[in-house]
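Asks:
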Amino acid sequence: MSTIRGSNNPTTDAGTAPGGAGAAPNRRRGKSRPSLHRGEAKYGWLFITPPILIIGIFLVMPVLLAIWVSVSDWSGLGSPLNPQVSFVGSKNFEAVLSDPGLARKDFGTSIRNNLYYVLLVVPLQTALALFLAVQVNRRVLKGRGFFRTAFYFPSVTSSIAITAIWLFLFGATGAVNKILGLFGASGPVWFADPRGVLHIILGAVGVSSAPDALTGGGMLGVSWWEWLSGPSVAMCAIILLAVFTTSGTFMLLFIAAMQAIGAEVDEAALMDGAGPFRKFFSVTLPMLKPTLFTVLTLGLIGTWQVFDQIYLTGGGKPSKTLLTPAYLAYQSSFKDLNWGQGAAISFILFVIIILLTALQRYVLRDRKDKGRVSRALAGAIAADRSVVVAAATVASAADRGSSTSSSPAPSPSSSTGSASSNQAGEEK
Amino acid sequence: MNVVTAPQATAITHDPTPAPRPRKRSLSWRLRTGAGLSYLMLSVLALIYIYPFLVTLSSAFKTDDEATDDPLRLIPQIWSFASFDRLFTEVPLPLWAMNTVFVTITITLGRVFFDSLAGYALSRLRFRGRGFVFASLIAVMAVPGVVLLIPRFLILRQFGMYDSYAGMIVPLLVDAAGIFIMKQFFESIPS
Numbered sequence: 001m002s003t004i005r006g007s008n009n010p011t012t013d014a015g016t017a018p019g020g021a022g023a024a025p026n027r028r029r030g031k032s033r034p035s036l037h038r039g040e041a042k043y044g045w046l047f048i049t050p051p052i053l054i055i056g057i058f059l060v061m062p063v064l065l066a067i068w069v070s071v072s073d074w075s076g077l078g079s080p081l082n083p084q085v086s087f088v089g090s091k092n093f094e095a096v097l098s099d100p101g102l103a104r105k106d107f108g109t110s111i112r113n114n115l116y117y118v119l120l121v122v123p124l125q126t127a128l129a130l131f132l133a134v135q136v137n138r139r140v141l142k143g144r145g146f147f148r149t150a151f152y153f154p155s156v157t158s159s160i161a162i163t164a165i166w167l168f169l170f171g172a173t174g175a176v177n178k179i180l181g182l183f184g185a186s187g188p189v190w191f192a193d194p195r196g197v198l199h200i201i202l203g204a205v206g207v208s209s210a211p212d213a214l215t216g217g218g219m220l221g222v223s224w225w226e227w228l229s230g231p232s233v234a235m236c237a238i239i240l241l242a243v244f245t246t247s248g249t250f251m252l253l254f255i256a257a258m259q260a261i262g263a264e265v266d267e268a269a270l271m272d273g274a275g276p277f278r279k280f281f282s283v284t285l286p287m288l289k290p291t292l293f294t295v296l297t298l299g300l301i302g303t304w305q306v307f308d309q310i311y312l313t314g315g316g317k318p319s320k321t322l323l324t325p326a327y328l329a330y331q332s333s334f335k336d337l338n339w340g341q342g343a344a345i346s347f348i349l350f351v352i353i354i355l356l357t358a359l360q361r362y363v364l365r366d367r368k369d370k371g372r373v374s375r376a377l378a379g380a381i382a383a384d385r386s387v388v389v390a391a392a393t394v395a396s397a398a399d400r401g402s403s404t405s406s407s408p409a410p411s412p413s414s415s416t417g418s419a420s421s422n423q424a425g426e427e428k
Numbered sequence: 001m002n003v004v005t006a007p008q009a010t011a012i013t014h015d016p017t018p019a020p021r022p023r024k025r026s027l028s029w030r031l032r033t034g035a036g037l038s039y040l041m042l043s044v045l046a047l048i049y050i051y052p053f054l055v056t057l058s059s060a061f062k063t064d065d066e067a068t069d070d071p072l073r074l075i076p077q078i079w080s081f082a083s084f085d086r087l088f089t090e091v092p093l094p095l096w097a098m099n100t101v102f103v104t105i106t107i108t109l110g111r112v113f114f115d116s117l118a119g120y121a122l123s124r125l126r127f128r129g130r131g132f133v134f135a136s137l138i139a140v141m142a143v144p145g146v147v148l149l150i151p152r153f154l155i156l157r158q159f160g161m162y163d164s165y166a167g168m169i170v171p172l173l174v175d176a177a178g179i180f181i182m183k184q185f186f187e188s189i190p191s
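Protein sequences, first through last, are from chains V and G.
Here this note's numbering is used: the first residue of the first sequence is 1, the next is one more, and so on.
Here this note's numbering is used: the first residue of the second sequence is 1, the next is one more, and so on.
Here it is, written out as structure tokens:
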């Protein structure tokens, strides 16, 4: 790679050329550039060909194949591309979305379950992560390292292992019910209890059966009364599990951002006489806004994809109150061998996630870069994935006592729309 | 994890003299009680976060009966290694563990190699179509993993690669997010 010398950025080459360069004739410069960068194209393509091949074959092609399967009547026998498989149009989508039947009811139930999951997990995990970050980030706190490690610990264990632990803790005679027993309460049989929490609460105030207005109508084959059931007791255990495992990760993001704010701002607020609450709501929180958005987006994307936990807790049991769209897609394909419907559900889920992310990014976008929503969204998703790593680097670097500015976190790229401004906000 | 409770006792005695000294004392009392309370709260929270793991660890050494009857106990009454015996006799745990190690190492090496090559090319080498490749990469990252569950199986099946090491390793050998991170990293180094 000896051909690459100096700055390879054309604009800086032209703009900040050293004194001698100005004297060089334009003709020479124009000629020397191709030779200076000769071979770059060859090596560039050489370097990115393996990723293009692998991503193309195992990511783009599967998506294309699944698009075909979702509009075909393929039964899982032979190749989905063989001539006996025929095009059935939107039949699979109609079965899930409009035709009365079990498929639609299951899909409606799974959407309801996941909706309650999202509505509870995203705010709870964000609030808890922020709370933990504020607590752990105080300079006077002794044993900061211990507390941080403790809170981050569940995040690094695999979802499979932690779900197994959860099944054990929330068993009928498990640790959680033992602790509830110490306070004189008898806990439910968590993972076998299909009762909706809102229904339980309504039952406690005397509304034990559905009012007529709510039984008649409905959506996706699920009556309004069932939509209003709330998460089942079993789902609550899964919600606690999600909050438990993700709060540590997001705590790290908040810590990284808070360390980037720096001590000066805190001290200034203190000198101005702000109490801890005032300081948090008037100084810390506004400065954490970009991180808050990132955490909310990540939460929103992640919570619509819940699968491992459902798979391990018995595939939607009890009474399908743990069924989620991701699991339903798997079940339709691999268990019921209804591959078209499974693929169709996957695509609906994809659209839900993309739409919600886009909506959220649009609502919470930076005022200064209006428009170009799609580009900003793409950049945002990319930044979301990388920001976790960046935050971890910043946090660990800051822990070692060095200043955040010297941390080796990736710097924002100007080519990724608003994502770069978000990241910049988190790192500066 | 000692909790500061002593200051509370002294704090109850009110000092009637309105001099600056009591104000100072009450301030330090408030600070110390506040610190004590927050340590107590953090300790309880830390315990909640760690206890599940400790319980699981100790249950591994309990007999089945004790694990169900007394799940909260940290030190087993009777130390039992039956569960570990079962791991090595009834199920092929060493094989499973070796599978994981092999897959993990191969994928990690592959990702470090391919992601850094591609990241370098996208950040430092200029060639036609670079912008397009990078834009496609970001678009690809937007596809949620769960959505790929079925399609990826379909492709592996099409190639006859399922139920093999290749099926587990090759699709994960390159990671779009990893390329993105490497690109950002190369751009942060002054050339």
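Note that the Cβ used here is the ideal one computed from N, Cα and C, for glycine as well.
Return no unless some Cβ of chain V is closer than 8 Å to the Cβ of G:Gln158.
Replies: Yes, because at least one Cβ of chain V sits closer than 8 Å to the Cβ of G:Gln158.
Asks: Under 7 Å between beta-carbons, which chain V residues line up against G:Tyr120? List them in chain order, please.
Replies: Near G:Tyr120 (Cβ distances below 7 Å), the residues of chain V are Phe47.
Asks: Please report the straight-line C-alpha distance between G:Leu93 and V:Thr163, rounded to a whole angstrom.
Replies: Those two C-alpha atoms are separated by around 19 Å.
Asks: Check the C-beta distance from V:Ile54 over to G:Pro171 and give it rounded, since I have them as a contact under 8 Å.
Replies: V:Ile54 to G:Pro171, Cβ: 7 Å. Contact.
Asks: Going by C-alpha to C-alpha distance, which of G:Arg86, G:Met41, G:Lys62 and G:Trp29 sits closest to G:Trp79?
Replies: Of the candidates G:Arg86, G:Met41, G:Lys62 and G:Trp29, the one whose C-alpha sits nearest the C-alpha of G:Trp79 is G:Lys62.
Asks: Determine the chain V residues that contact G:Ile179 at a beta-carbon separation under 8 Å, and present them in chain order.
Replies: Those are Pro51, listed as they occur along chain V.
Asks: What's the gap between the Cα of G:Gly178 and the Cα of G:Asp70?
Replies: In a straight line, the C-alpha of G:Gly178 is about 45 Å away from that of G:Asp70.
Asks: Just how far apart, CA to CA, sit V:Gly430 and V:Ala326?
Replies: Outside the displayed span of chain V (1 to 428) sits residue 430 of chain V, for which this structure offers no information.
Asks: Does DSSP put G:Gly178 in a helix, in a strand, or in coil?
Replies: Of the three classes helix, strand and coil, the one that applies to G:Gly178 here is helix, per DSSP.
Asks: Can you give me the Cβ contacts of G:Leu156 inside the same chain, cut-off strictly under 7 Å, excluding the 5 residues immediately before and after it?
Replies: Cβ within range, chain order: Tyr162 and Gly167.
Asks: Relative to the alpha-carbon of V:Trp166, which residue among V:Ile238, V:Pro100 and V:Pro211 has its alpha-carbon at the smallest distance?
Replies: It is V:Ile238 whose Cα lies nearest to the Cα of V:Trp166.
Asks: Here's a check: name, in chain order, each residue in its chain whose Cβ is nearer than 7 Å to the Cβ of V:Arg144, leaving out the five neighbours to either side.
Replies: Once the five neighbours on either side are set aside, the close Cβ partners of V:Arg144 are Val136.
Asks: Taking all protein chains shown into account, decide if G:Trp96 is buried (16 or more other Cβ within 10 angstroms of its Cβ) or exposed.
Replies: By the neighbour-count rule (16 or more Cβ atoms within 10 Å), G:Trp96 is not buried but exposed.
Asks: Between V:Lys335 and chain G, is the shortest Cβ-Cβ distance under 8 Å, so that the two count as touching?
Replies: With 8 Å as the cut-off, V:Lys335 does not count as an interface residue toward chain G.
Asks: Nearest-angstrom Cα distance between V:Arg104 and V:Leu115?
Replies: For V:Arg104 and V:Leu115, the distance between alpha carbons rounds to 16 Å.
Asks: If you compare alpha carbons, which of G:Val112, G:Leu72, G:Pro190 and G:Met41 is closest to G:Phe180?
Replies: If we check each option's Cα against that of G:Phe180, G:Val112 comes out closest.
Asks: Mark V:Gly196 as exposed unless 16 or more other C-beta atoms lie within 10 angstroms of its C-beta, in which case mark it buried.
Replies: Burial call: buried.
Asks: Can you list, in chain order, the residues of its chain whose CB lies under 6 Å from that of V:Asp399, leaving out five sequence neighbours each side?
Replies: Here V:Asp399 scores only 47 on pLDDT, less than 50, and its place in the model is too uncertain to base an answer on.
Asks: I'd like to know whether the C-beta atoms of V:Thr297 and V:Thr249 end up nearer to each other than 8 Å.
Replies: Their beta carbons are not under 8 Å apart, which means V:Thr297 does not touch V:Thr249 by this criterion.
Asks: How would you label G:Leu42, buried or exposed, when you count the other beta carbons within 10 angstroms and need 16 or more for buried?
Replies: The residue is buried, with at least 16 neighbouring Cβ atoms inside 10 Å.
Asks: Are the C-beta atoms of G:Leu109 and some chain V residue less than 8 Å apart?
Replies: G:Leu109 does not count as touching chain V.
Asks: Whole angstroms are fine: how far does the CA of G:Phe185 sit from the CA of V:Ile48?
Replies: Roughly 17 Å separates the two Cα atoms.
Asks: Mind checking whether V:Leu220 and V:Phe107 have CB atoms under 8 Å apart?
Replies: Yes, the pair counts as a contact, with Cβ atoms nearer than the cut-off.
Asks: Does the beta-carbon of V:Thr215 have 16 or more other beta-carbons within 10 angstroms, so that it is buried, or is it exposed?
Replies: The residue is exposed, with fewer than 16 neighbouring Cβ atoms inside 10 Å.
Asks: Output yes if chain G places a C-beta closer than 8 Å to the C-beta of V:Glu40; else output no.
Replies: Yes - at least one Cβ of chain G is within 8 Å of the one on V:Glu40.
Asks: Give the single residue among G:Leu37, G:Ser123, G:Phe102 and G:Leu72 whose Cα lies nearest to the Cα of V:Leu180.
Replies: Nearest C-alpha to V:Leu180: G:Leu72.
Asks: Pick from G:Ala121, G:Ile189, G:Leu149 and G:Pro151: whose alpha carbon is nearest that of V:Ala41?
Replies: Nearest C-alpha to V:Ala41: G:Ala121.
Asks: Please look up how many angstroms separate the CB atoms of V:Leu323 and V:Ser110, rounded, as I've assumed it's under 8 Å.
Replies: Between V:Ser110 and V:Leu323 the Cβ distance is about 4 Å, and since that is below 8 Å, they are a contact.
Asks: Could you give the distance in angstroms between the alpha-carbon of V:Arg278 and the alpha-carbon of V:Ala268?
Replies: Near 13 Å, if we compare the C-alpha coordinates of V:Ala268 and V:Arg278.
Asks: Give a yes or no on whether the minimum CB-CB distance between V:Ala263 and chain G is below 8 Å.
Replies: For V:Ala263, the answer is no, since every Cβ of chain G falls outside 8 Å of its Cβ.
Asks: Check the Cβ of G:Thr56 against every Cβ in chain V and list those closer than 9 Å, keeping chain order.
Replies: Going along chain V in sequence order, the residues near G:Thr56 (Cβ under 9 Å) are Ala161, Ala164, Ile165, Phe168 and Leu169.
Asks: Starting from V:Lys279, trace the alpha helix (DSSP H) both ways and give me its first and last residue.
Replies: Start and end: Pro276 to Lys279.
Asks: What is the DSSP secondary structure of V:Gly316, reduced to helix, strand or coil?
Replies: Here V:Gly316 sits in coil by DSSP.
Asks: For G:Phe88, I'd like the list of residues in its chain whose CB is within less than 8 Å of its CB, leaving aside the five on either flank, ordered along the chain.
Replies: Counting only Cβ-Cβ distances below 8 Å, and skipping sequence neighbours, we find Pro94.
Asks: Quick test of your reading: G:Leu154 and V:Leu65, contact by CB under 8 Å. State the CB separation rounded to the nearest angstrom.
Replies: About 5 Å separates the two Cβ atoms, so the contact holds.
Asks: Output the residue ranges of the alpha helix (DSSP H) runs that lie fully inside the stretch 80-108 of chain G and measure 4 residues or longer, sorted by chain position.
Replies: Whole alpha helix (DSSP H) segments, 4+ residues: 82-89.
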